Every structure is written in C-alpha cells, then in structure tokens.
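Below: one structure, written as structure tokens.
Residue numbers (my numbering), protein chains in the order written: chain A, 1 to 467; chain B, 468 to 886.
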C-alpha cells in the first residue's frame, strides 16, 4: 500500500472521530438543557436540599398577604423559614420542610427563579424562592382555631363558585417549630393519643350522620323514587327487615314531604328512602358528589384522604343505615364541605383551589387561580330543591342554632354515633342562601348534637367570611 | 501555554472565593503548569522541528482539570488535586525523557514482538498480583501508598505492537486468501499473531473487569485493521462481532449485565445499579448551560461515585456547564486532530500507524467516557485523558504524547515541516 493511500485513510478516520467530537456537545445539551428540569426535580437528586439551605425561602401568604411562613437569616447566606401564626396554620405549613405545604410546594418556595430568569438573577444574585399566596382567609382561619381550642375537630370553608379553600383548620394543633427539635419532643408529638399531626380537615374520616340525608334526598329526587310532594308518615319508629328503627323524635314527626323530612332530619322518612333506593344507588350518588375521590389539593398526596366505604353489607337495614349516614361510609370534613358547595353552586362542584397566586421574587404573578368545574354533582333543579330544604332546616328545623340576623343561611346538622363517647357533631351549610359565597363544614368529635356544638361555629365562620 | 496558566489561575481564584480557602493555596496549582511551560521551552531548545500545537492543547486540558480536582480535594474527595499536580510534573519529565531517549521512533518497530509480549506480561502481572478497587482488578502496588495501573502502559505497548506488525505484515493482510462466507480472509499465519495478542488482551481485560480497556483495545484494533486493509467489510464485521460479544457478555457475566441494565434503564434501580449514571446525569442537569460556578456544585463523594476519576467530566458539567464541557471537548478534539495530523503527515509507514493508533486511543477513550457519563453508551471505568485523576493514566498519556512528538520530529514530510 502506498503511503499516500494510508494518509488518506487516516484522514477518513480522523474525520469520523472529529464528527463524533462535534456531535457530543449537542447530545450533552439534551441532558443539560432539555432534560434539566426533570433531572433537577428528581426526588433522588439531593441537590435541591443542599441548594435550599442557601436559598432565601419563598413566603407563604394568606389571601390578604398576611405572612404565614416568613424567613429569617441564620448565618452567612443561610436561611430558615419562620412560623408567624404557628398554631393557626400548623397543618398547612407542616414542620421542617418534611410535611404539609412546605413539602409539597418546596419546588416553588425553594427553587430560585431559575437561570432562564436572567433579570431576576441580575437584580439579586442570591437565590430567592417564590412567594405563594394561599386562598385561606386569615381572620376566619384564626377564628376556627380559636373555636376548636380544647376540642378535636375540623372546620372547612370553601368558595362554592371558585372552589377556593377559605378555611382549613384542624384541632388539636401543634407547634411546628418544636416538633423534631429533640428526641423527646418528637416522641411526645408522635405518640400523643390526640394525634395533633393529623390534619383532620382532609385526613379525618368520620361517619356523616344526618348530613348524608342531603345526598339521600338528591338520589331519591333524581331517580324519581320520590317527588317533592311525596309524603310519608313518621310515628317515631319503623320496622326495617325485622328490626325496629327509631326516629330521634320519639313522638314522631307526623306526615312529611321530603323538604319537611330534611328540615326535621326525620329518620323514619329517610330510612324508607334508603330501603327503596338500595345501597348501590346511594353509593352511585355518593360517587357523583366526589366523595370517593381524594380532593386535588396541593398537599402531600399521602395526607389527603378520600372517603371510604369500609364494609360491604347488604340488605334493607344496611340500606336504611346508609341513607341515614350511620352505615359504614366514612367521610372527610373536606368532602362534607364539598357537598354543601355543590348544592350552593347549582349542583356544580368546582375543583378545590388552595393557591391564589405564585409571586416571583420580583413581584410578578407567575400563576394565579383559574376556577375550573370538576363535576356536575347534582342536577341544577335538584340543587335548587336541596338548597331550599337546607334553608328551611336553618329557618325552622334542626339547624336554628346557625341563624344569623342579617344573612340567610342554608344548612344541615348531623350527629353521628361514634364509639367511645358522645356522637360527633356535624354541620354543613352555605350563605347567603340566595347568592352563596361561602360553604362550610364543621365537625366536632364527640361534640354531642350538631346543633349544639357545630352549628354555632359554622355560623361565626360564615359571619367572619361575609364581613 | 500562557493561556492555560491564565485559565488555571482564574479558576483557582474562583475556587478560593467559593470555598473560603486562603489564596496562597492556589499557587500550588500553577506550579505544575510552570513545569509544563519549562518542558516546552526545553523541547524547543532540543529540537524545533516538531508539532507545536499538541503540547499547549494538553496544557489547556490540564489547566481545566487541576482546579476541578483541587476543588474536589478541598471538599474532601481524596487527595486528587495535590497528587495530580505531582503526577503532572512526573508526566512532563517522562514526556521529555521519552522525547530525548527515543532518538528515532522508527527503531521502535524492531521491538514490536517485545512490546506485544510486554503488554501481555503487564496484564498477567495485574491479574496475578493486582488488588481490586470497585470490583475491577487494575491496581498493583502497596494500597494507600503508591499504586500503579500497569494496563495503562500496556495500551501504549499494544499500540506499538499493532503499528509495527501491520507496518511489516499489513500487505499480507490485504493479499487475497481463501474465501470464507463470501468474504476473502487473509492467510491464517499472518493473522494469527495479531489475533493472539488482541484476543488475549481482550479476554484478560474482561476477566479483570476492565471493560473500558477492552472496548478501547477493540476499537483501536478495528481502526488499525481498516488502515491496513482499507476494507470496510472488516469494520462492519468487527462491529457486529463486538455487538455479539456484548450480548454474550451481557448473558454470561453478572457485572456486565448490571452495567447494561443500568444503562438501558437507570430509573428502574435508582439507588443501586443505576445510582452512578443517574448521579452523573443530575450533574449535567444541574449545570445547565453555564454551570453552577466552580465550587458551587455538590462535591459529596457519596453523591457521585468516582467524581475525581472516571466522572470528573460530570463535575465539569455541573460546575462549568455545557460551556465548560465544550471548551474541554474542543481542547481534546484539538489534541486528537493534531495527533491524527502527525499521523497523516508522516512519511514513514510505521510512524503513521503508531501515531494513528495513539490518536485513536486518545480520541476513543475521551468519547467512551463522555458517552458513558451521559448514558449514550454503558458506563465503563475509564479515565478522561489529562482531565481525570489517575497517576498512571496521566503518566501513560504523557508518554504517548511524547511518542507522538517523536513521530512528528522523525517522520514529518520536509515540505510540511514545523508550522
């Protein structure tokens, strides 16, 4: 072979090699640019944690821009979050960036604006996270904590037209800053029988009691089992299967239509509806109101529960118990509030929203709330009928304790039999009845009657929110 | 060369600033580069007729690497920086020594069989007395004191053997022999020594789990066979053979299987087999276009295994970003281009082939580790020449640069000469 020929082949070899060298930056660019967001956010990538220490964490704000979670410097270029109303917001903020919104929103709160945001970088080269403004109304949230003090329970308030969460309170509360400070404090917190770490508003599962009669009534009306004029007579007791079932009013309610039965919360009436509907139809309607789906809140997914049906008993008695909310259906206070919100919003359940806006360090609003309809829980006509019934329940029925002087409230009380003490007290409702802007659910564990323990709290929350 | 010193100096300042290190520490970095500058002047005095771009490009690579390794050392990842500085000095001395002690590179062709046997001996020595690090048996010596990776030098000996053998017998390889499966194969007695050395090295490399070296030797042999015969069918056959061997090894050896699995889907087992490649990808993702800045990345050795050796390039990706990687790849491409230019400018057949083999080794090694670190190909343990930490690696690469300079000195065409 000639030397010139060899030289030519070496040039070919060099050409191929250099092409490979030139292609390499493009391939690396695929990871460094296009896949960078996935890689930076990957849960196994420990850099986010390391970076977080040097990032001025974004603040968590209430809807009026009151600071829920602030930030304090703890050394040269090191930052920590500070809790401004720790007890009021402990279940929302979580502790130590390990739970709550601090965990689920960490990429917003702790990711610096990003290299693409060159202006932000030039203005403050120190990495600063975004502020997150919640839909929570500070005064109402504080009131909810105050009113639940010393009890166990939860308060949820929603804007039925937008799905915005106005109050999300759970009791008992805890001091988020102190939870994991020492081994002892952690032991105390994690073994407390009152489980203060549990966010009862979205994690607590309770029997609904008479609250469920709203769903039963909707199912009965929509399936045509009853019309608004169908009347049954309550003598204070009815035999279902071979077992007697008592109404709460021993002397009986007399002859009632469905509106009267809901207002008076007549067990005999609704037991008969349950018997006629059967468990499957009731479950189907519970499903339509979204009870069995965990609400799409931006909290850590394992801390938001869906309601659940624990056993699968069948038979007339089980159907009747189900219709009265005393069956095996367990519901979160949040889902109960969604029932009220759906009735208030012409049967349309809005997707729950907890974030009002994300505000960049330079004050720009990066994303803001856009109301989205989630599902048609009830027909509009049914919703109108239900709203009227709930209004008369507060006007003249079991919910009179929720009355306010200057606004008309629609609502439903409930007391759900619970083992180990008095019944859980429930109230769901919305106001103003004609043009609803607030829907609430209140549960007080072992509070006795809904009218006594839950309705007054709901009334005050509504009053504060409508101010 | 001065530019390299500048780059390194500026980088050192940045590291000092980012990690709160007293400034006088940084001066040690520049020492190694001063030795390189000195070596260049020395070589200029000895002989002006040689390539003048190769060494500055190498110095550029080292200028980029030393601050990175030093920065890793400050963060507690080995004593890479200081040791690499000494190894650079030793390497520069070895380069000058090679250049001076090889009066005429063409004479090396006479020792081709000696080199082939020497390579095999070095590999056998490693097999027999080596100790394992990270599951690969590559190191010889007293652990912790001074260890040595004989296979790095074996690569150079294999290059000399290949060049010498093909320069002498290459024409026989082209001669029409018996046809086999429609392809004419050369006569066995000419191919046998070649196959013997190659197959033995490959087997041994696979046995001692030095997969990177196996890939490298195979690639260089393929390139040399192409240069000798000019037949693309051989290259295609070789690649097919390699893929078949890869598939077979994937089934036969659990450690190969683990690597291939980690390459195909690192997300499946992100905490064990896929850990290293994922951590490497995280580096590139974190670095983005301009990087986090020297000293601003995550240097924790638990985060990135082999951060200072095989995956130094990932640290570059994180702290200097795509921009830094392009600079380093440009420098490496320049070294590769100049080496190939030395090969095609050589009037001597052996000189051409030797320079081509050494260039291919350098280029392939760079591409294999960059490709491995970015999940283009399975990650194999191999160093980025002059950038990764590794005493023997640096030494061997300097010696091969020395040999390349010898070729440029002894075999250049008179009309091309020195630029």
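Where a beta carbon is used, it is the ideal one built from N, C-alpha and C, also for glycine. None of these values were measured; they are calculated from a predicted model.
Check residue 170 of chain A in the structure and name its three-state DSSP category. Your numbering for residue 170 of chain A matches position 170 in the first chain. The answer is strand: DSSP assigns residue 170 of chain A an E or B state.
Roughly how many angstroms lie between the CA atoms of residue 413 of chain A and residue 334 of chain A, to the nearest whole one? Start at 1 with the first residue of the first chain, and residue 413 of chain A comes out as number 413. Start at 1 with the first residue of the first chain, and residue 334 of chain A comes out as number 334. Cα to Cα, residue 413 of chain A sits roughly 16 Å from residue 334 of chain A.
Kindly list the residues whose CB is nearer than 8 Å to the CB of residue 583 of chain B, restricted to its own chain and excluding five residues on each side of it in sequence; keep chain order. Within the second chain, numbered from 1, the residue matching residue 583 of chain B stands at position 116. Only 624, 625, 628, 632, 660, 664 meet the Cβ criterion.
Burial state of residue 228 of chain A, where buried means 16 or more other Cβ atoms lie within 10 Å: Counting from one through the first chain, the residue named residue 228 of chain A turns up at place 228. Result: exposed.
Find out if the Cβ-Cβ distance for the pair residue 573 of chain B, residue 848 of chain B is shorter than 8 Å. Here residue 573 of chain B refers to the residue found at position 106 when the second chain is read from its first residue. Here residue 848 of chain B refers to the residue found at position 381 when the second chain is read from its first residue. No. Outside cutoff.
Can you name, in chain order, every residue of its own chain whose Cβ lies under 7 Å from the Cβ of residue 509 of chain B, other than the five neighbours on each side? Reading the second chain from its first residue, position 42 is the one you call residue 509 of chain B. Answer for residue 509 of chain B: 563, listed in chain order.
State yes or no: is the beta carbon of residue 9 of chain A nearer than 8 Å to at least one beta carbon in chain B? Reading the first chain from its first residue, position 9 is the one you call residue 9 of chain A. So yes, residue 9 of chain A belongs to the interface.
Which of the three DSSP states, helix, strand or coil, is assigned to residue 535 of chain A? Look at the range of chain A in this structure, 1 to 467, and you will see that residue 535 of chain A is not part of it.
Give every residue of the same chain whose Cβ lies closer than 6 Å to the Cβ of residue 96 of chain A, excluding the five residues on either side of it in the sequence, and list them in chain order. In the first chain, counting from the first residue as 1, residue 96 of chain A sits at position 96. Closer than 6 Å at the Cβ level, and outside the excluded window around residue 96 of chain A, lie 180.
Taking 8 Å as the cut-off, decide whether the C-beta atoms of residue 294 of chain A and residue 305 of chain A are in contact. As a working note, residue 294 of chain A is residue 294 in the first chain. As a working note, residue 305 of chain A is residue 305 in the first chain. Contact: yes.
Please report the straight-line C-alpha distance between residue 727 of chain B and residue 845 of chain B, rounded to a whole angstrom. On the second chain, residue 727 of chain B is found 260 positions in, with the first residue counted as 1. On the second chain, residue 845 of chain B is found 378 positions in, with the first residue counted as 1. In this structure, the straight-line span from the alpha carbon of residue 727 of chain B to that of residue 845 of chain B is close to 6 Å.
How long is the line joining the alpha carbons of residue 546 of chain B and residue 540 of chain B, rounded to whole angstroms? Position 79 of the second chain, counting from 1, holds the residue named residue 546 of chain B. Position 73 of the second chain, counting from 1, holds the residue named residue 540 of chain B. Answer to the nearest angstrom: the Cα atoms are 5 Å apart.
Could you tell me how far apart the beta carbons of residue 134 of chain A and residue 57 of chain A are, in whole angstroms, since I believe they sit closer than 8 Å? On the first chain, position 134 is the one that residue 134 of chain A refers to. On the first chain, position 57 is the one that residue 57 of chain A refers to. Wrong, their Cβ atoms sit about 15 Å apart, outside the cutoff.
Can you tell me where the alpha helix (DSSP H) with residue 358 of chain A in it begins and where it stops? Mapped onto the first chain, residue 358 of chain A falls at position 358. From DSSP, residue 358 of chain A is part of no alpha helix (DSSP H) but of the beta strand (DSSP E) over 355-359.
Output, in chain order, the set of chain B residues within a Cβ distance shorter than 7 Å of residue 498 of chain A. Residue 498 of chain A lies beyond the residue range present for chain A, which begins at 1 and ends at 467; the question has no answer from this structure.
Classify residue 842 of chain B as buried or exposed, calling it buried when 16 or more other Cβ atoms lie within 10 Å of its own Cβ. Translated into the one-based positions of the second chain, residue 842 of chain B becomes position 375. Label assigned to residue 842 of chain B: buried.
Does the CB of residue 416 of chain B have a neighbour CB from chain A at under 8 Å? This structure cannot settle anything about residue 416 of chain B, because the visible part of chain B is limited to 468 through 886.
To the nearest angstrom, how far is the alpha carbon of residue 578 of chain B from that of residue 822 of chain B? Counting from one through the second chain, the residue named residue 578 of chain B turns up at place 111. Counting from one through the second chain, the residue named residue 822 of chain B turns up at place 355. Near 16 Å, if we compare the C-alpha coordinates of residue 822 of chain B and residue 578 of chain B.
Between residue 3 of chain A and chain B, is the shortest Cβ-Cβ distance under 8 Å, so that the two count as touching? Indexing the first chain from 1 puts residue 3 of chain A at position 3. True, the Cβ-Cβ gap to chain B drops below 8 Å.
Can you give me the C-alpha to C-alpha distance between residue 352 of chain A and residue 168 of chain A, rounded to a whole angstrom? For the purposes of this step, residue 352 of chain A is identified with residue 352 of the first chain, where counting begins at 1. For the purposes of this step, residue 168 of chain A is identified with residue 168 of the first chain, where counting begins at 1. If I take the Cα positions, the gap works out to 12 Å.
Local conformation of residue 886 of chain B per DSSP, three classes: Taking the second chain and counting its residues from 1, the one referred to as residue 886 of chain B is at position 419. In this prediction, residue 886 of chain B scores a pLDDT of 42, lower than 50, which makes its location untrustworthy; the coordinate-derived value is nonetheless stated afterwards. In this structure, residue 886 of chain B counts as coil in the three-state DSSP scheme.
Helix, strand or coil for residue 301 of chain A, going by three-state DSSP, please let me know. As a position in the first chain, residue 301 of chain A is number 301, starting the count at 1. Residue state, collapsed to three classes: helix.
Flag residue 19 of chain A as yes if its beta-carbon sits less than 8 Å from any beta-carbon of chain B, otherwise no. Sequence index remark: in the first chain, residue 19 of chain A carries index 19 (1-based). No - not a single Cβ of chain B is within 8 Å of the one on residue 19 of chain A.
Below 7 Å CB to CB, which residues in the same chain sit around residue 809 of chain B once its five sequence neighbours on both sides are set aside? Here residue 809 of chain B refers to the residue found at position 342 when the second chain is read from its first residue. Cβ neighbours of residue 809 of chain B beyond the five flanking positions: 518, 822, 871, 874, 875.
For residue 242 of chain A and residue 249 of chain A, I'd like the C-alpha separation in whole angstroms. Position 242 of the first chain holds residue 242 of chain A. Position 249 of the first chain holds residue 249 of chain A. Roughly 21 Å between the two C-alpha positions.
Tell me whether residue 351 of chain A, by its Cβ, gets closer than 7 Å to a heavy atom of the ligand MG. The ligand content of the structure shown is nil, which means the ligand MG is not present either.
If the criterion is Cβ atoms closer than 8 Å, does the pair residue 481 of chain B and residue 762 of chain B meet it? Along the second chain, one-based indexing puts residue 481 of chain B at 14. Along the second chain, one-based indexing puts residue 762 of chain B at 295. Their beta carbons are under 8 Å apart, which means residue 481 of chain B touches residue 762 of chain B by this criterion.
Could you tell me whether the Cβ atoms of residue 320 of chain A and residue 245 of chain A are closer together than 8 Å? As a position in the first chain, residue 320 of chain A is number 320, starting the count at 1. As a position in the first chain, residue 245 of chain A is number 245, starting the count at 1. In contact: residue 320 of chain A and residue 245 of chain A (Cβ atoms closer than 8 Å).
Can you confirm whether residue 690 of chain B, when its beta carbon is compared against all beta carbons of chain A, has any partner nearer than 8 Å? Sequence index remark: in the second chain, residue 690 of chain B carries index 223 (1-based). It does; some Cβ of chain A falls within 8 Å.
Ranges of the alpha helix (DSSP H) found wholly within the stretch 21-73 of chain A, counting only runs of at least 4: 36-41, 47-54
At a CB distance below 9 Å, what residues from the stretch 804-820 of chain B approach chain A? Give them in sequence order. 804, 806, 807, 808, 810, 811, 812, 813, 814, 815, 816, 819, 820
Determine whether the beta carbon atoms of residue 635 of chain B and residue 824 of chain B lie at a separation below 8 Å. By 1-based counting over the second chain, the position of residue 635 of chain B is 168. By 1-based counting over the second chain, the position of residue 824 of chain B is 357. No.
Rounded separation between residue 713 of chain B and residue 641 of chain B - CA only: Stepping through the second chain from its first residue, residue 713 of chain B is reached at position 246. Stepping through the second chain from its first residue, residue 641 of chain B is reached at position 174. The alpha-carbon atoms of residue 713 of chain B and residue 641 of chain B are separated by roughly 28 Å.
Check the Cβ of residue 31 of chain A against every Cβ in chain B and list those closer than 7 Å, keeping chain order. Within the first chain, numbered from 1, the residue matching residue 31 of chain A stands at position 31. Under the 7 Å cutoff, chain B gives 748, 751, 752, 841.
Which residues of chain B have a Cβ atom closer than 8 Å to the Cβ of residue 39 of chain A, listed in chain order? For the purposes of this step, residue 39 of chain A is taken as residue 39 along the first chain, with counting starting at 1. Chain B residues near residue 39 of chain A: 748, 749, 751, 752, 753.
Alpha-carbon to alpha-carbon, residue 38 of chain A and residue 279 of chain A: On the first chain, position 279 is the one that residue 279 of chain A refers to. On the first chain, position 38 is the one that residue 38 of chain A refers to. Those two C-alpha atoms are separated by around 45 Å.
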